Structure formats: structure tokens, C-alpha cells
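Trainee: Mind having a look at this structure? Questions to follow.
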Amino acid sequence: MFPWSKGDSHRDDAYWDFFINTPPADLANTVSEMIRKAPEGNIFPAKTELHTPEITTSHVKGMAEYFGAALTGVAKLDSSDPSNPEGYPYAVVCAVPAEYDPRKSSGIGGQVPVQNGLFVTFVLSAWIRELGYRATAAPQPGDEKLAAQAKLGTLNSEGRLVTPQFGTKVYVANAIRTDLPLAADG
Amino acid sequence: MSKAEILQEPEIEHGGSEFPTPDLGRSVRIVGPHVNVDMNESPHPKNARGELGKPLFNWYRNTVSQDPLTRVSAPNHFADRRQFLTNVINRSTNGKVNPRRVFVDDPAAMTRHIKSVALYMGADVVGVAKSHPAYLYASGGGRYVQDGTAKDEYQNYTPEELARKFPYIIQAATAWDYNKLQAHRHHIGDAAYHVSQIKGVLVLKALEGYIKELGYTVIRGVVTPQAAGVAGGIGELGRNGLVINKNFGARVHMPDPIMTDLPLVADEPVDIGVEDFCKICRKCANTCPTNSIPFGDKVVHNGIEKYKINWLTCYKLRPYVHEHWGSCLTCAAVCPFTKPNVWWHTMTVSLLHACPYFARPSLVRFLKWIDDRYWGLVRSNRVRWLGYDSGVKPGEQACTVAGCNASHEGKGQAVVGDAGFYAPLKENTNRFVKREA
Chain A
1 MFPWSKGDSH RDDAYWDFFI NTPPADLANT VSEMIRKAPE GNIFPAKTEL
51 HTPEITTSHV KGMAEYFGAA LTGVAKLDSS DPSNPEGYPY AVVCAVPAEY
101 DPRKSSGIGG QVPVQNGLFV TFVLSAWIRE LGYRATAAPQ PGDEKLAAQA
151 KLGTLNSEGR LVTPQFGTKV YVANAIRTDL PLAADG
Chain B
1001 MSKAEILQEP EIEHGGSEFP TPDLGRSVRI VGPHVNVDMN ESPHPKNARG
1051 ELGKPLFNWY RNTVSQDPLT RVSAPNHFAD RRQFLTNVIN RSTNGKVNPR
1101 RVFVDDPAAM TRHIKSVALY MGADVVGVAK SHPAYLYASG GGRYVQDGTA
1151 KDEYQNYTPE ELARKFPYII QAATAWDYNK LQAHRHHIGD AAYHVSQIKG
1201 VLVLKALEGY IKELGYTVIR GVVTPQAAGV AGGIGELGRN GLVINKNFGA
1251 RVHMPDPIMT DLPLVADEPV DIGVEDFCKI CRKCANTCPT NSIPFGDKVV
1301 HNGIEKYKIN WLTCYKLRPY VHEHWGSCLT CAAVCPFTKP NVWWHTMTVS
1351 LLHACPYFAR PSLVRFLKWI DDRYWGLVRS NRVRWLGYDS GVKPGEQACT
1401 VAGCNASHEG KGQAVVGDAG FYAPLKENTN RFVKREA
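Residue numbers (my numbering), protein chains in the order written: chain A, 1 to 186; chain B, 1001 to 1437.
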């Protein structure tokens, strides 16, 4: 209820540690796995009429926020970079709060930020494809760097994103690479 | 239905004393013999078989929405079903039950845990109901799992056998966004409804997977959601046929509940004054575009005493309006219980809950007077969200985004005023059902 009483709200819960830390025996029981395995859909044949790139960017960010992203930014990509063979000009980077670090907490509960991130990136990239533009949320390394480039925060010595809002308790979802005309934050 | 008929001794069925007639609170009562509903006779399956006529069939099966967000979030109006998350989740292979079962010595602690887990995953309301055969679909009628199948070894169990094997029903619900819901009968309202719907599907599937990881069995698609919601204390059943929650009013999804053998402690039905309010208010009945909500008293339908909406006329409106919106939601938007989840709303519902029954009609009249005065008889405010604008008349196009200097050929000029346009209006839809009085 109060910020100072938030502490360990699950102290009395004997099963909470199982929820956060015990890895699932069958990965098919996790929604994250279902979304990861799902193929991407088609690009809608008719392009939706857009506003200016600045307004389109604010709409993409508003949509991401509505789907549950806490922080959203747009990074400019280098189209000639060999790591970007499709030549996408922009990456939309979304981050969600993570009470427990998903890299260390492998239980279904510890992976909830991953699940929330996949929800945002799945629906947001599908929406951009329905607008008639290319968009892919396939996992690629270096999303935290893109998040820092999009000014969501800075990287610490371990290469992890640190944000003013959540500190390191933040999870960067798969960046959505797209050719939707946007205005990059960095 | 005469009083004598209503007060007849309820016929005890469903295994006699093993399953006594359940208490569903004041808003719904089981008063007579109840025949379990065959899932295949519910609206969507009927329509999928083409039994409701060509316009509805084509709307349901062959219509691609003009709105990009609707194409990724609404059932059946996608251009490519791979973009629709519910389809992805419900068509995935189901995981196996963990053979190393977590021992539950204190069902109350497990109930608290499961509720925290559901809320942690993004649910807004969670309730647990004790299973009763009357809440289930008829046996042999198949399951209702949207875009998926649920064939398993329990397929041919009778409702009694299922209720014995799986004694608890978990209902986790997500709430629609209040501000967007104000644009009922508009794509903005659809966004409130459909996005929280796909989120709700994800939360329930994740919870289902977690219960299997705890080592317990879960089945889906067997429970009628409204019954489980009322029995599990999610809310009371209103005149509009929706479960009304104390925090969110009618703006909660009541999706496919989870039936499980995980040892839990069931919640009780709640009393938040919906029964007293619906007797007097009738705002939903007054504003329903198809007159599908009754003005009169409760009736006994299939042994259950409740307000009976006309689902067919509610349903029949849809193909005629799909260019402007997908889900009507007017009855949910005008419901006086549907308010932002803030202190004054909590306080008012608590007041209604604490008020003795005899004084409630006066309190309800006062509260409805306030509601009519400040929120109006029907929502007609202009809502703008990310380029959507309910101030633009249906069928017209205009860019009303502030500061937009992109060239939009063939689009009108900016709209002035604060009125929202929500088509079709009531007079156009009297053809569906003539109002009684």
C-alpha cells in the first residue's frame, strides 16, 4: 500500500520461492515458449495512411505502453551493417519492470517479465505488420545496447541497462526491427 | 412466471446430497430443475454452423476488419490468424503435468498463493469457486476453447464426474480500460475490450501452465464463466447479463475459467448491492441499441432466476456495424458500477454493501440521480486516442491529430466540439426488437 511497506510482500507465502526459482519441468507449460515458437504473420497488403514520423512514433509508443511496456524508445539502425541483412532502418525497444532478474530466476514467476515483454513485442510487431510495414520481433543479441541508444537508460560495467525509473530491475524485450517511418530517439 | 412457481421446492439433482443447490448470492438463484447448457447451442458455435443467417455467418467467418488493431486483437476479424495471440496460445501443444507434485498441506495458503500468482501475471480480479455440476456445460457437447481443441481423457465425463474429480474452479479476470470504454460503439472501445481480452487469455494460460508445474491437473472449456464468476465472488449478475465487480463494475472479462484438482479454499458469492441497483436503475435497458435487455422483473429460465437478455438480437446487430466497431459495450459503459477504480468508487460500493436491505432502494435512487447528473443517461463524450477520434462522424474521415502536417488526401478538416459520435443510434435499430412500452 505504501512504498516503504512494499519490501518483501511474499514473505508469508511458502510457495513463492517455487514460483520464482524452480525451472518448469515441461517448457510447453510456459506461455513464453508458445509465443517464441509462433511464426510471424503476413504484412497486410494495403499500407495504412500515416501521420508524420514524429506522430507515428508517439502512436507506436502509446500502443506499446497500452500493451504493458513501461519504457519505449526508437533506435536508428545502420542499414549497411552486416548484422542487419534485411536493412531495417529502425528498432523499437520496449522494456518492462522486472522485480526478479529473469537471467537468474528461472521459475515461471521469475520469467514473468519475459512473458510480459513477449506479449508487448508480439502484439506490437503484429500491429505494425497490419499497418502494412515490415516488422520482426525475432530475438537478436544487443538489445540492451539498442535500449541505451534509444535513451531508455545507460549501460553499467556488466553491460546491463540501468534506467532512472527502475534501476537495474528492468527487462529489455526483443527489439522490433521495422521499416515503419519513425523518428529515432538516438 | 408466478410467485408460486418461483417458490417451488428446488429439485435436487446432480447427485442428490453430494451436490446441494449452490448459493449464488442475491442476484441469481437456482430455483428449479436445471439442464446443463450444450456448448454447441451457445451463440458463436451456432453462428459458425451458419444457423443464424447469412449476414451473421459472413460477419463471423468472412469479414476482415478495417482497423489494424482490431485485426490483431479481435477474434475472427484478422487478415492473418498468425497475428492473433489467442490463436497462437490456444493452438499450442499443451504441456504435461509435472510428475513431482508439490505437496499442499494448507489449502488456504495455496489459495492465497494462486491468487498472488494470478495478480502477478497481470490479472485484475481472481476468485475461486467450489465446483458444482450445474456450472458446467452438458457432457458430450464438446468444449468451448476458442481457436483450439481440448480433447483429453476427460472428454466423456459427465458434469457430476468432472465436479467430483476437479473440485475447484479458478476465475482470473482482466478489466477493460475505463477511459477507452467511454467510446463504446467505436474502435477505441474495441481496443479496451479486445486488448484486455488477449491479455486475459495469456494470464489464464500461464496460470494453467503453472498449476500443471505444481503437479495438478487442469481442464479448460468446461465451465460456464458467468456461473463460476458469481459463485467465486468476482461479482453479482446484473440486468445486462454481465458480472458486475465491486472495483471495475461491468468492465471485466469473464473468460474460460480453470477447473482443477489443486486443493484450494473456495470464495463465497458477494453482495455489493447489484440486486438492489438493477431493480431500479435500468440504464442499460434504456440505452441498449437493440432493446435486448429486459425492463421487467427477473424470470426463471432453465431453472435459474435472473434477468434474461435476448442474446440473439444483441448478436444480430453486429454485421451491420462492423465498419465502425466490433463490440458494442454500451450496457457495460453506462452501468453506474462501471467507474474508475478509485477511492470514491470503493467508498460508494462499500456504503451500498453496508446499507441494510430496507434502506437500499432510497440510497440507490440517490446514487442513480448523481450518476445521471454527472455521467449522463448515455456516454456521448468525445474520446481521442492515438489518432482514433470518436468526434469524427462514422463514415467520414478526418485527421484530428494535433500538429500533424502530413498530407491526407480526401480527408476532411479538423472536427470541433466535444461530442462523440456513436453509430448507429437507437432509432435506427428499433427494427431489431420493438420496445415493449
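Backbone N, C-alpha and C fix where the C-beta goes; we use that ideal spot for every residue, glycine too. What you are looking at is a predicted structure, and each value in this text was computed from that prediction instead of being measured.
Would you call the region 1107-1116 of chain B and the region 1221-1235 of chain B in contact, with 3 or more CB pairs under 8 Å?
Mentor: no
Trainee: Would you kindly work out how many angstroms separate the C-alpha atoms of His1408 of chain B and Lys1393 of chain B, rounded to a whole number?
Mentor: On the second sequence, position 408 is the one that residue 1408 of chain B refers to. On the second sequence, position 393 is the one that residue 1393 of chain B refers to. Cα to Cα, the separation comes out at about 17 Å.
Trainee: Who are the near neighbours of Arg129 of chain A in its chain, counting only those whose CB is closer than 8 Å to its CB and skipping five residues on each side?
Mentor: The sequence position of residue 129 of chain A within the first sequence is 129, counting from 1. Glu40, Gly41, Asn42, Ile43, Phe44 and Ala135, listed in sequence order.
Trainee: To the nearest angstrom, report how far apart Glu65 of chain A and Leu71 of chain A are at their CA atoms.
Mentor: The sequence position of residue 65 of chain A within the first sequence is 65, counting from 1. The sequence position of residue 71 of chain A within the first sequence is 71, counting from 1. Straight-line Cα distance between these residues: approximately 7 Å.
Trainee: Under 8 Å, CB to CB, which of the residues in the region 1047-1071 of chain B have a partner in chain A?
Mentor: Pro1068, Leu1069 and Arg1071
Trainee: When we look at the beta-carbon of Pro1255 of chain B and count the other beta-carbons within 10 Å, is it buried (16 or more) or exposed?
Mentor: As a position in the second sequence, residue 1255 of chain B is number 255, starting the count at 1. So Pro1255 of chain B ends up on the buried side.
Trainee: Three or more C-beta pairs under 8 Å: does that hold for the region 1064-1073 of chain B against the region 1081-1094 of chain B?
Mentor: yes
Trainee: Who are the near neighbours of Leu1204 of chain B in its chain, counting only those whose CB is closer than 7 Å to its CB and skipping five residues on each side?
Mentor: As a working note, residue 1204 of chain B is residue 204 in the second sequence. When the five nearest sequence neighbours on each side are left out, the beta carbons in the same chain lying within less than 7 Å of the beta carbon of Leu1204 of chain B are those of Ala1172, Pro1255, Asp1256 and Ile1258, in order along the chain.
Trainee: In or out: Asp1418 of chain B buried (at least 16 other Cβ within 10 Å) or exposed?
Mentor: Position 418 of the second sequence holds residue 1418 of chain B. That one is exposed.
Trainee: Identify whether Asn1245 of chain B lies in helix, strand or coil by the three-state DSSP scheme.
Mentor: Translated into the one-based positions of the second sequence, residue 1245 of chain B becomes position 245. Reduced to three states, the DSSP call for Asn1245 of chain B is strand.
Trainee: For Cys94 of chain A, which of helix, strand or coil comes out of DSSP?
Mentor: Here residue 94 of chain A refers to the residue found at position 94 of the first sequence. The answer is strand: DSSP assigns Cys94 of chain A an E or B state.
Trainee: If you count every other CB in all the chains shown that lies within 10 Å of the CB of Asn1247 of chain B, and 16 or more means buried, which is it?
Mentor: Within the second sequence, numbered from 1, the residue matching residue 1247 of chain B stands at position 247. Buried, by the Cβ-count rule.
Trainee: Can you pull the DSSP bridge partners for Ile1258 of chain B?
Mentor: Here residue 1258 of chain B is taken as the residue at index 258 of the second sequence, counted from 1. Beta-bridge partners assigned by DSSP to Ile1258 of chain B: B:Ile1170 and B:Arg1220.
Trainee: So what does Trp1385 of chain B bridge to, in DSSP terms?
Mentor: Within the second sequence, the letter at position 385 stands for residue 1385 of chain B. Paired residues: B:Tyr1388.
Trainee: Can you list, in chain order, the stretches of the alpha helix (DSSP H) that have 4 or more residues and sit fully within the region 1053-1133 of chain B?
Mentor: Here the runs fully enclosed are 1054-1061, 1068-1073, 1085-1091 and 1107-1121.
Trainee: Could you check the C-alpha separation between Ala137 of chain A and Asn21 of chain A for me, to the nearest Å?
Mentor: As a working note, residue 137 of chain A is residue 137 in the first sequence. As a working note, residue 21 of chain A is residue 21 in the first sequence. C-alpha separation (whole angstroms): 27 Å.
Trainee: Using the C-alpha atoms, what's the distance from Leu1119 of chain B back to Met1 of chain A?
Mentor: The residue labelled residue 1 of chain A in the question sits at position 1 within the first sequence. The residue labelled residue 1119 of chain B in the question sits at position 119 within the second sequence. Any reading at Met1 of chain A needs caution, since the residue's pLDDT is 49, under 50, leaving its predicted position unreliable; the model's value is listed next. Taking the straight line from one Cα to the other gives about 15 Å.
Trainee: Could you tell me whether any Cβ in chain B is nearer than 8 Å to the Cβ of Tyr66 of chain A?
Mentor: Residue mapping note: residue 66 of chain A aligns to position 66 of the first sequence, counting from 1. Output row for Tyr66 of chain A: interface = yes.
Trainee: For Leu25 of chain A, would you say it is in contact with chain B, using Cβ-to-Cβ distances shorter than 8 Å as the test?
Mentor: For the purposes of this step, residue 25 of chain A is identified with residue 25 of the first sequence, where counting begins at 1. According to the sequence provided, residue 25 of chain A is Ala. The question's Leu does not apply to it. Residue-level contact by beta carbon holds for Ala25 of chain A and chain B, with a gap shorter than 8 Å.
Trainee: Looking at chain B, is there any beta carbon in it that lies within less than 8 Å of the beta carbon of Pro181 of chain A?
Mentor: Residue numbering aside, residue 181 of chain A sits at position 181 when the first sequence is read from its first letter. Closer than 8 Å: no.
Trainee: At least one CB of chain A closer than 8 Å to the CB of Leu1202 of chain B: is that the case?
Mentor: Translated into positions along the second sequence, residue 1202 of chain B becomes position 202. Answer yes: the Cβ-Cβ gap between Leu1202 of chain B and chain A drops below 8 Å somewhere.
Trainee: Take Tyr1210 of chain B as the anchor and find which of A:Gly110, A:Leu131, A:Leu182 and A:Pro164 has the nearest alpha-carbon.
Mentor: Position 210 of the second sequence, counting from 1, holds the residue named residue 1210 of chain B. Nearest option by C-alpha distance: A:Gly110.
Trainee: Give the C-beta separation of Val1238 of chain B and Cys1335 of chain B to the nearest angstrom, bearing in mind that I take them to be a contact with Cβ-Cβ under 8 Å.
Mentor: The sequence position of residue 1238 of chain B within the second sequence is 238, counting from 1. The sequence position of residue 1335 of chain B within the second sequence is 335, counting from 1. It should be pointed out that residue 1238 of chain B corresponds to Gly in this sequence rather than to Val. That belief holds up - the Cβ atoms of Gly1238 of chain B and Cys1335 of chain B are roughly 7 Å apart, short of 8 Å.
Trainee: For Thr52 of chain A, would you say it is in contact with chain B, using Cβ-to-Cβ distances shorter than 8 Å as the test?
Mentor: Residue mapping note: residue 52 of chain A aligns to position 52 of the first sequence, counting from 1. It does; some Cβ of chain B falls within 8 Å.
Trainee: Would you mind reading off the limits of the beta strand (DSSP E) that contains Ile55 of chain A?
Mentor: If you number the first sequence from 1, residue 55 of chain A lands on position 55. Where Ile55 of chain A is concerned, there is no enclosing beta strand (DSSP E), although the alpha helix (DSSP H) it sits in stretches over Pro53 to Phe67.
Trainee: Let me check understanding here. Comparing Cα to Cα, which of B:Leu1312, B:Gly1391, B:Ser1327 and B:Gly1376 lies closest to Glu1051 of chain B?
Mentor: The count along the second sequence starts at 1 and reaches residue 1051 of chain B at position 51. Nearest option by C-alpha distance: B:Leu1312.
Trainee: Quick check on Glu1153 of chain B - is its C-beta less than 8 Å from some C-beta in chain A?
Mentor: Taking the second sequence and counting its residues from 1, the one referred to as residue 1153 of chain B is at position 153. It does not: the Cβ of Glu1153 of chain B has no partner Cβ on chain A nearer than 8 Å.
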